[in-house]
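Written out below as C-alpha cells is the structure these notes cover.
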Amino acid sequence: MTSTRFAIETTSLTKAFGRQRAVDGVDLAVPHGSVYGFLGPNGSGKTSTIRMLLGLTSATSGEARVLGGSMPDNLRDVLPRVGALVEGPAFYPFLSGRANLMRLDSGDRAAPAATRRVRVDAALDRVGLGHAATKKAHAYSLGMKQRLGLAAALLMPRDLLVLDEPSNGLDPQGTREVRSLIRSLADEGTTVFVSSHLLSEVEQMCTHIGVMSAGRLLTQGTLDDLRALGAHRVRLLTPDPDAARDVLTRLGLTPEARAGHHDTPATAGGAVSVEADLAVEGLSPESIVAALVAADVRVRGFEVAGASLEDRFVDLTGEGFDVAG
Amino acid sequence: MSPAEPVGRDAADTRRDDRTRRGLGLALLGSEVAVLFRRVRTIALLAALALIPVLLAVAVRVTADQSSDGRGPAFLGDITQNGLFVSLTALTVAVPLFLPLTVGVVAGDTIAGEASLGTLRYLLVTPVGRVRLLLVKFAGAALFCLAATLVVVVVGAISGAALFPVGPVTLLSGQTVGVGDYAARLLLMALYVTMSLLGLSAIGLFFSTLTSVPVGAMAATIVLSTVAQIVDALPQLDALDPWLFTHHWLGFGDFLRAPISWDAFGSNALLQAGYVVVFGALAVGRFTTKDVLS
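Top line first, the protein sequences correspond to chains A and B. Numbered per our numbering, the first sequence finishes at 465, counting up by one with no gaps. Numbered per our numbering, the second sequence finishes at 1106, counting up by one with no gaps.
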C-alpha cells in the first residue's frame, strides 16, 4: 500500500446497472485532511460511488483507491481505518442502541474487546445518545437512528469518514450538531467525505467540493475555487455611464446597461447602474475603481457580486427538483 | 484544485498498524449467537418445538386407557409403559416437518435477514469479511439445529418422567438397558439429528445469499426439504435416494441397538458433509462476488 496525497482517489470509476450508467467515469481526488462535500441531486450517483469506495459493490470499470489501498482488493486493511454511514442508518430493531454498536464493534477484528464497552459509550455520548443507550432501536426516532449511525462510524479512531447524507432526518438543531461534530473530527485530522443534496449544508462545513449530476462529476476543487469559477459581476453606480462603459471596455469587460432591470437605469441624483461580468483573469476590482477614478468617472457606488454557490450548483446540475433519470 | 498538505498522515500510518492487527474474530460468533438466541422469534421457534413432546405426553396420558392400536408415530404405544419413550416419539414426529421448518427459518434468514435490515452493509464495511460472515452465520445456524433438537429431547424426557413411570428400556435389538445408558443413547440421537440438519442449513445459507427477502429464502429451504422427502418416498425414484439429504433423517433408531450400528451414521455424515461443502461453496461463490445494494 503506497501513501498518496489523496485519501480517496478514483480513476474513471464507472458503475453500470444494465444499460444505465449510475456512475460514469468519475475521477475523485479527496485530499488528506479535507472536508469534502460530495454534492448532487437525488439519483446523481453519489451513493453508488460510495458503495464502490467501501467495497460493497464492484466497479464496472475504473479504479478506486482509498487511503492508498485499491478497493475492493485491500478492503481488509483499508476499512478498519474508515468509518462509514451508507444510505441511511440500519440497525437490529430488537436490540438496544448500545447492543447494536457492541455487535458492530465485535465484527471489527482490529477493535480491542477490552475497551469495547468504553468506546461504545464514548461514541454514544459524542452523538448525544448517552441517555438512550438502553432503548431498543425500533423506538428511536429517525434523527436518533441517524445519530446512532454516526456513533457506529466513530467506534474506533478513523483516518477517513465516509458519511452519506449525515443530516437526513435531523432537525435544525441536530443538523448544527452534526456540522460541529464533523468540524471537530476534521480538526483532529480525520478526512471527511460527506455527501449531500443540500448545498447550504456543504457550504457551511466543507473545504472541498465535488458536484455530481447524472452519474458524472461535473467539477471539484476547493470551495473558493468553485466560488471563483462563478461569474462575478461588478456593479457600478455613476452619473457618467458612457464614460464608465468606455473605461470598462478598455479593461476588457463587456458592460451592459441592464435596461429593464427594475432598479435601473435612474436612481437618486441621476446615477445610473452599469454592470459587467468580471470575466478577465487577474483583473482586480480595486484596479477597476482606480481606472474609473483616473478617467474622471464619478463613482457613487461599486460592488462585486459573486454568483452565489447556489447559482453555480443550479448552473451545473440544472435540474431543480427533478430526480435525474 | 489545491489539495491540502496531507495532514496527520504519518500519525495515521502508525495508528494503522494497531488497527490491522487482527484478533481471532471469535467475538462476532459470540455476538451472533447472543443475537440469535435472544431474539423473540428464535425463542418462539424453540418454544413451539418444546410443545411437541409436551402435547404428545399429555395426549397419551389423558387417553391412557384407550389403545392406540398401533396407529400413530413409532414408539407411541410404548410411552405408557415407559415415559422415556416420549423423547423418541417426539423426535420421530419433529424430524420430517417441524425441525426442518424451524431450521429453514433460521438458515434462510442468515444473510437475507441482515440484507433486509440493512445491517449487512454495515457488517461488511466494519469490515467483516464475507467468507467470515458466512462461516459465523453457518455456525450460528448449526448451533440452532443442536438447540432445537435438544429442546425436543430434553423436554420430552422431562414431560415423560413427569407423567409416566420411568424404568429400564428394552432396545430394538432386545436387550434391556438402564436409564443412564438410555440417556446417553438419547444424547447421541440428538447429535445425529443435529448432524442430519446441517446439509439443510447449508442449503438455507446459500438461498439466503440469493435474495434480500428473508421469507423467500426460508420458504425455498423448507419447500426443498419437503420435496426431498417426497422424492425419497417415491419407489420410482429410488435411484436418487442415497443422494437426498433427507435420506437418513430417521436413521437414529440405530442407536437403540446393542451394539450400536454406525452404518447410517457414517453414510449420513458423509452425505451431510457433501451438502455442506457443495452449498457452502455455492454460498461463498455467490456472496463474495455479490454487489450489496440493500
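All C-beta atoms, glycine included, are put in the ideal place defined by N, C-alpha and C.
query: Chain A contact residues for B/Val940, given Cβ-Cβ distances below 7 Å; result: Gly247
query: Classification of A/Glu123 by the beta-carbon crowding that lies within 10 angstroms, buried from 16 upward; result: Absent from the model: residue 123 of chain A. The displayed extent of chain A is 141 to 465, so no value can be given.
query: Backbone CA spacing between B/Gly952 and A/Thr330 [nearest angstrom]; result: 37 Å
query: Euclidean distance between Cα positions of A/Leu215 and B/Ala1031; result: 34 Å
query: Strand pairing of A/Lys155, partner residues [DSSP]; result: A/Val163
query: Distance between beta carbons of B/Phe1067 and B/Arg997, contact taken as under 8 Å; result: 5 Å
query: Interface residues of chain B facing A/Ser198 [CB-CB closer than 7 Å]; result: Asp1103
query: B/His1060 (DSSP reduced to helix, strand or coil); result: coil
query: Distance cut-off 7 Å: A/Pro395 Cβ against heavy atoms of the ligand FMN; result: You won't find the ligand FMN in this model; it holds no ligand whatsoever.
query: Proximal residues of chain A, C-beta to C-beta of B/Ser843 below 8 Å; result: Met242, Arg243, Ser246, Gly247
query: Close Cβ partners of A/Asp403 (< 6 Å) along its chain, the five nearest in sequence each way excluded; result: Here A/Asp403 scores only 47 on pLDDT, less than 50, and its place in the model is too uncertain to base an answer on.
query: Beta-carbon proximity check, A/Ala467 vs A/Leu244, cutoff 8 Å; result: Because chain A in this structure spans residues 141 to 465, residue 467 of chain A falls outside the shown range and cannot be described.
query: Within 9 Å of chain A by C-beta, residues of the stretch 1003 to 1027 of chain B in sequence order; result: none
query: Residue-chain proximity (A/Leu301, chain B), Cβ-Cβ < 8 Å; result: no
query: Interface flag, B/Arg933 vs chain A, CB-CB below 8 Å; result: yes
query: Those residues which DSSP pairs with A/Glu466 across a bridge; result: No answer is possible for residue 466 of chain A: it lies beyond the span of chain A, which begins at 141 and ends at 465.
query: Beta-carbon spacing of B/Gly1016, B/Thr922 below 8 Å; result: yes
query: Burial state of B/Leu838, where buried means 16 or more other Cβ atoms lie within 10 Å; result: exposed
query: 8 Å Cβ cut-off: residues of chain A touching B/Val937; result: Leu194, Gly195, Leu196, Leu219, Val222, Ala224, Val226
query: Contact set between B/Val929 and chain A, taken where Cβ atoms lie within less than 8 Å; result: As written in the sequence, residue 929 of chain B is Leu, which differs from the Val given in the question. The contacting residues are Ala230, Phe231, Tyr232, Pro233.
query: Whole-Å CB distance - A/Leu295 paired with A/Ala251, under 8 Å assumed; result: 7 Å
query: Chain B within 8 Å of A/Leu366, Cβ atoms only; result: no
query: DSSP beta-bridge partners of A/Glu396; result: A/Glu415
query: Three or more C-beta pairs below 8 Å linking the stretch 201 to 221 of chain A and the stretch 352 to 369 of chain A; result: no
query: is_contact[A/Leu456, chain B] using C-beta, thresh 8 Å; result: no
query: Spatial distance of B/Ser843 from B/Gln987 (CA atoms); result: 46 Å
query: Three-state secondary structure (DSSP) of A/His348; result: strand
query: Residues bridged to B/Gly1086 (per DSSP); result: None, per the DSSP bridge assignment.
query: Within-8 Å CB hit, B/Leu903 to chain A; result: no
query: For A/Glu227, three-class secondary structure by DSSP; result: coil
query: Interface residues of the stretch 277 to 300 of chain A facing chain B [CB-CB below 7 Å]; result: Ala292, Met296, Pro297, Asp299
query: Burial state of B/Ala1093, where buried means 16 or more other Cβ atoms lie within 10 Å; result: exposed
query: 7 Å Cβ cut-off: residues of chain A touching B/Arg851; result: Phe234
query: Span of the alpha helix (DSSP H) around B/Gln1041; result: 1026 to 1045
query: Beta carbon proximity, A/Ala253 to chain B, threshold 8 Å; result: yes
query: B/Leu867 versus A/Gly209: straight-line alpha-carbon distance, rounded; result: 60 Å
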